[in-house]
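In what follows, a structure is listed as structure tokens, so that the remarks can point back to it.
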Amino acid sequence: MKRLFLLVGMLAMPSFASVSANVAFASDYVWRGMTQSDGPAIQGGFDFESESGFYAGIWGSNVNFNDGAGSELDYYAGYGFSLGDVGVDIGYIAFDYPENQTGLDFEEIY
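Taking mature numbering (1 follows the signal peptide of the UniProt record, and there is no 0), I'd label the letters of the sequence shown as residues -21 to -1, 1 to 89.
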């Protein structure tokens, strides 16, 4: 009986973070005006977000650059907050192409 009360108490506790997942099937993966998959793409990811505004995640897709790169993995983390009526988002993202050996990987700060 004590375990039941503990479980009910845990279910009633407020959540300070959330984890979500996503999946998509696209007819073409287009990024910044250029096709990345040259056809259909399967994409998906996992996201973590805290009440404080911190977030992190991973996202992936198949790609076709005709040079051996068959997949893209993006790793990102950041912090979002409001300054009055203005939303601010500061973060980092790394674009990784695991199968490619010619240095396509790059990073951005936003």
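Here a beta-carbon is modelled for each residue, glycine too, at the ideal position from N, C-alpha and C.
Going by DSSP, Ser40 is part of the beta strand (DSSP E) stretching over Phe33 to Asn41.
Pairing Asn79 with Gly70, the inter-Cα distance amounts to about 25 angstroms. Rounded to whole angstroms, the separation of the alpha carbons of Val2 and Ala35 is 17 angstroms. Ranked by how close their Cα comes to the Cα of Met13, the residues Trp38, Phe(-6) and Phe44 have Phe44 in first place. For Glu28, the enclosing beta strand (DSSP E) begins and ends at Ala20 to Ser29.
DSSP places Leu52 in the strand class (E or B) of the three-state scheme. Residue state for Phe44 is assigned as coil, using DSSP reduced to three classes. With respect to the 8 angstroms criterion, Glu30 and Phe85 are not classified as neighbours on the basis of their beta carbons.
Put simply, the backbone Cα of Gly63 is about 15 angstroms away from that of Gly32.
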